[in-house]
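Participant: So in numbering that gives the first Met the number 0, spot 396 of the sequence shown is number 395, and the numbers just go up one at a time.
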Amino acid sequence: MIQFSVIMPTYNQVGYIRNAIRSLFMQTYDQWELIIVNDGSTDWTEEFIQDYIADERVTYLKNEENLGLGAAINKAMDIAKYDYIAYLPSDDFFLKNHLQMLKEVFEINKDVVLAYTEMRSEVSDSLLYHKNSHINGLVKQVSLQLVQTAHMKTTDRWVERSKWVSEDLYKTFWHKLIGKGSFYYINEITCQWTIHPFQRYKIISETFGGHINRYRQYYKVQDPIRMKVSENKFTDEVVAYAPYHSDFSASKDGLKILLVGELSYNPERIYALEEAGHKLYGLWTQTPSFSFSNVGHLPFGHVEDLDYEHWEEEIRRVKPDVIYGLLNFCAVSIAYDVLRKFPDIPFVWHFKEGPFLCFEHELWNKLVYLYHKADGKIFLNEELRQWYEQYIPKMGDYLVLDGDLPKKDYFKNDFSAKLSSLDGEIHTVVAGRIVGLTIDDIKMLADNRIHLHLYTESYEASKVSFNIKAMQVAPCYFHIHKHCSPENWTKEFSQYDAGWLHCFDSKNNGVLSDVSWNDLNLPARISTMMVAGIPTIQKDNWKHIVAMQSCVKDIGCGIFYRDMEDLAKQLYNKRKMVKLQANVKKHRLNFSFDRHVPELVNYFRSIINKKKNNENNTKISFA
0 MIQFSVIMPT YNQVGYIRNA IRSLFMQTYD QWELIIVNDG STDWTEEFIQ
50 DYIADERVTY LKNEENLGLG AAINKAMDIA KYDYIAYLPS DDFFLKNHLQ
100 MLKEVFEINK DVVLAYTEMR SEVSDSLLYH KNSHINGLVK QVSLQLVQTA
150 HMKTTDRWVE RSKWVSEDLY KTFWHKLIGK GSFYYINEIT CQWTIHPFQR
200 YKIISETFGG HINRYRQYYK VQDPIRMKVS ENKFTDEVVA YAPYHSDFSA
250 SKDGLKILLV GELSYNPERI YALEEAGHKL YGLWTQTPSF SFSNVGHLPF
300 GHVEDLDYEH WEEEIRRVKP DVIYGLLNFC AVSIAYDVLR KFPDIPFVWH
350 FKEGPFLCFE HELWNKLVYL YHKADGKIFL NEELRQWYEQ YIPKMGDYLV
400 LDGDLPKKDY FKNDFSAKLS SLDGEIHTVV AGRIVGLTID DIKMLADNRI
450 HLHLYTESYE ASKVSFNIKA MQVAPCYFHI HKHCSPENWT KEFSQYDAGW
500 LHCFDSKNNG VLSDVSWNDL NLPARISTMM VAGIPTIQKD NWKHIVAMQS
550 CVKDIGCGIF YRDMEDLAKQ LYNKRKMVKL QANVKKHRLN FSFDRHVPEL
600 VNYFRSIINK KKNNENNTKI SFA
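1) CB TRP157 to CB GLY69, shorter than 8 Å?
2) Between the Cα of VAL238 and those of ASP222, MET151 and VAL545, spot the shortest distance and give me the residue it belongs to.
3) Compute the Euclidean distance between the alpha carbons of VAL302 and HIS277, then round it to the nearest angstrom.
4) Between SER591 and LEU404, how many whole angstroms is the CB-CB distance? I'm expecting something under 8 Å.
5) If you draw a straight line from the alpha carbon of TYR626 to that of GLY532, how long is it in whole angstroms?
6) Mind checking whether ALA149 and ASP91 have CB atoms under 8 Å apart?
7) Using only the alpha-carbon positions, how far apart do LYS170 and SER290 sit?
8) What is the rounded straight-line gap between the Cα of MET576 and the Cα of GLN569?
9) Enumerated in chain order, which unbroken segments of the beta strand (DSSP E) with a length of 3 residues or greater are wholly contained in the segment 259 to 299?
10) Residues in its own chain within less than 6 Å of TYR15 by CB, not counting five upstream and five downstream?
11) Please confirm if the segment 463 to 476 is in contact with the segment 385 to 395, defined as three or more CB-CB distances below 8 Å between the two stretches.
12) If you scan the segment 179 to 257 from start to end, which runs of the alpha helix (DSSP H) of 4 or more residues do you find wholly inside it?
13) Measuring CA to CA, which of ASN589, SER40, TYR240 and GLN285 is closest to THR527?
14) Given that a residue counts as buried once 16 or more other Cβ atoms are within 10 Å of its Cβ, and exposed if not, what is ASP439?
15) Taking TYR368 as the reference, which of PRO342, SER263 and ARG315 has the closest Cα?
16) Alpha carbon to alpha carbon, what distance is there between ASP82 and GLU267?
17) Would you mind stating whether TYR409 and TRP499 have Cβ atoms separated by less than 8 Å?
18) What does the alpha-carbon distance come out to for the pair LEU325 and ASP553?
19) Between LEU94 and the rest of its own chain, which residues show a CB-CB distance below 8 Å, the 5 nearest in sequence each way excluded?
20) What are the boundary residues of the beta strand (DSSP E) that includes MET151?
21) Pick out whichever of LYS442, LEU579, ALA546 and PRO522 has its Cα sitting closest to the Cα of MET563.
22) Taking a contact to mean a Cβ-Cβ separation below 8 Å, would you say ARG561 touches ASP539 in this structure?
23) Report yes or no: do the segment 31 to 43 and the segment 55 to 63 share at least 3 C-beta pairs separated by less than 8 Å?
24) Using the Cβ count rule (16 or more neighbours within 10 Å means buried), how would you classify HIS244?
25) At which residues does the alpha helix (DSSP H) containing THR41 begin and terminate?
26) Quick one: Cα of THR617 to Cα of ILE344, how far?
27) Around the C-beta of LEU168, are 16 or more other C-beta atoms found within 10 angstroms, so that it is buried, or is it exposed?
28) How far does the alpha helix (DSSP H) with HIS480 in it reach, from first residue to last?
29) Suppose you measure from the CA of PRO522 to the CA of VAL596; what does that come to, to the nearest Å?
30) So does the segment 246 to 255 actually touch the segment 270 to 285, counting three or more Cβ pairs closer than 8 Å?
31) Report the residue ranges of all alpha helix (DSSP H) runs contained in full by the segment 329 to 404; include only those spanning at least 4 residues, in chain order.
32) Whose C-beta lies closer than 7 Å to the C-beta of ASN293 among residues of the same chain, with five residues either side of it excluded?
33) Just to confirm, are ILE654 and TYR115 a CB contact at a threshold of 8 Å?
34) Curious, which full-length beta strand (DSSP E) runs of at least 3 residues does the segment 494 to 575 contain?
35) Can you pull the DSSP bridge partners for THR116?
36) If I measure Cβ to Cβ from HIS426 and keep anything under 6 Å in the same chain, skipping five residues before and after, which residues do I get?
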């Protein structure tokens, strides 16, 4: 007799779980047991399903903290009584004939190790739209989902979070069944895959707006994570942050610094503040929007997270010497709330990304308040400070500092030999996404014997299409490489002659009110190229206000081109390239965060002292 052990992993799905369980109880085939694994839910899941738990066919297991999908399923597999495993995630459900259809396949086909059905995904709302779709089993670039599958019980186990994380279930388990028998496709819809914002694959996959920071926040992960977030990017926090776990004790004169918001690129930079003897606390944005919106619990150092639900009480408990608000527009709301609630605590506002996005997201007035009321302000560059002064009358004390600078540890001296020394041609690099270059540009580069090496994290279809076209027009000169982690920047990128920054034609004509974010921004890849010790490449916008150009030109570390022929002449000018590379190596450490920590701390102390000595301010109180 075919009998199924149905495994239901669940985490904070109280609004779905009863419907999922009900769908199992409604099955036309009743030879099953249900194993529910509550993977550390913080909602009312347990309360909602008490009546179902009482059924003798149901086994209920609970993890005190979230251990991840693999661990939850494996826990259930270890106690499963029956020879066939089916899956019912708590946010999905079976149609009444699901198990019956699977049973018939296994009965008739003794060599089948895994069977899978079609599933539907239905969204219906007369106010919005109507969509009724189904997934025909295996879909290109999409793994089989749990709800549509059943397989013979084996000794194989799912990959657990302690090893690595991925939304690709094929890589985490299905491939282990290959060779143990055949896979069988049932051409009938027997289950529903429910679409909602908190599906695991949406939280992980960058294709759907997921990323490691969102995953950490949602599942409350405390440890470093290994995660395959896209086809070309594997993030290994265990290796990357291994050096940043040493014992820590604050120095006697160290500051208590409360970080409010998010850390954007190169978040480990703030470890340098710990190294300088300062104690750090974190009050983080709860909905990190981008893959670079780094939030706690941090996988490095000893930053103490404050309980977001009781952040006012937590701040009174900590009694910070200074509040350091940063860095993206996602941080504006929480920073605004903190500053309004605790105006007596010295507050320094450091904002980089997204001033224009604040208009769009109705955050502009809050941003103006932060700059107006903050005791100290830190600007990305002088151009951005001047731009803000169009809206805010007097800035007062301020500091100029890029908020995304990497830690000095990445500025290694393991430089590689140049590829150009082997073939006599120029090799350039793009670290991240291509900004501003067209297919015609890439063809012209190839015509001038200039290689472009792309280290991509691209997951969007449009970018994949662009890369395919680029390889077609420049088959020997356009090269795609996988993501390179910071600890390898010097060794990997130093083999190239120069690195591309964002390329665009500015249109502001020197008029401050006409600038765009491209004009004001300093891309994080500037620091990456400095780590590698190679000059940067960007279009020459000398008649316009372009901070990126000012930054690089002032220290003689960049190439500015009018067109591709002009660029080729400069890149093949050996004397010029040698001089540029020498300048980069001379100034490269200025692009490390550690180099600026003494200045930053002195700025904090000046703000604290000024606040303390200002007769117009009331005494700081944490009561």
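In this text, a Cβ means the ideal position worked out from N, Cα and C, and glycines have one as well.
Facilitator: Taking the geometry as given:
1) yes
2) ASP222
3) 10 Å
4) 6 Å
5) With the chain running from 0 to 622 in the structure shown, residue 626 is simply not present.
6) no
7) 22 Å
8) 8 Å
9) 278 to 283
10) SER89 and ASP90
11) no
12) 199 to 203, 211 to 218 and 236 to 239
13) ASN589
14) exposed
15) PRO342
16) 47 Å
17) no
18) 27 Å
19) SER22, ILE188, THR189, CYS190 and GLN191
20) 148 to 151
21) LYS442
22) yes
23) yes
24) exposed
25) Unbroken run through THR41: none, as it is neither H nor E.
26) In this prediction, THR617 scores a pLDDT of 44, lower than 50, which makes its location untrustworthy; the coordinate-derived value is nonetheless stated afterwards. Straight-line Cα distance between these residues: approximately 10 Å.
27) buried
28) First-last for HIS480: 477 to 481, but that is the beta strand (DSSP E), not the alpha helix (DSSP H).
29) 20 Å
30) yes
31) 331 to 340, 354 to 359, 363 to 372 and 381 to 387
32) ASN212, GLU261, LEU262, SER263 and PRO266
33) For the chain, the structure presents residues 0 to 622; residue 654 sits outside this window and is missing.
34) 497 to 499, 535 to 538 and 557 to 560
35) ILE185
36) LEU418, SER419, HIS450, TYR495 and ASP496
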